[in-house]
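Shown next, in structure tokens, is the structure this report addresses.
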Amino acid sequence: MSAYCFPVYNAYCAECAEGDGPHDYADDAAEWAANHNAENHNEDDRTDADYDHYKESLRDQQ
Ligand SMILES: [Zn+2]
0 MSAYCFPVYN
10 AYCAECAEGD
20 GPHDYADDAA
30 EWAANHNAEN
40 HNEDDRTDAD
50 YDHYKESLRD
60 QQ
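The numbering of the sequence shown is numbering that gives the first Met the number 0, which starts it at 0 and goes up by one.
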């Protein structure tokens with residue numbers, strides 16, 4: 000079997016030094032982050048624009 004690569008997605012909170020992953024799908028990592036923020040940072044009023052920006056920042060880490 001030959002080598003191959005595939006993307007994975009990690010969620011991480013630098014403030015808490017806590018993360019989750021790797022996940023196969025960006026949405027799974029984003030869901031962890033959203034739940035983490037709601038539980039730890041009172042950011043449950045995030046906007047769709049924030050979510051899109053977050054997904055883009057995840058892609059930039061690849
Ligand atoms: Zn945190």
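Note that the Cβ used here is the ideal one computed from N, Cα and C, for glycine as well. None of these values were measured; they are calculated from a predicted model.
- Task: Note down the Cα distance separating Glu38 from Trp31, rounded to an integer number of angstroms.
- Result: 10 angstroms
- Query: Nearest to Tyr53 by alpha carbon, out of Tyr3, Tyr11, Ala2, Met0?
  - Reply: Tyr11
- Message: Per DSSP, what are the beta-bridge partners of Cys15 in this structure?
- Response: None; Cys15 has no bridge partner.
- Measure from the alpha carbon of Glu14 to the alpha carbon of each residue in Leu57, Asp51, Asp59, Asn36, then state which is nearest. Asn36
- Under 5 angstroms from any heavy atom of ligand 1, by CB: list those residues in chain order, please. Cys12, Glu14, Cys15, Asn39
- Query: If you drop the 5 nearest sequence neighbours on each side, which residues of the same chain put their C-beta closer than 6 angstroms to that of His22?
  - Reply: Tyr8, Ala28
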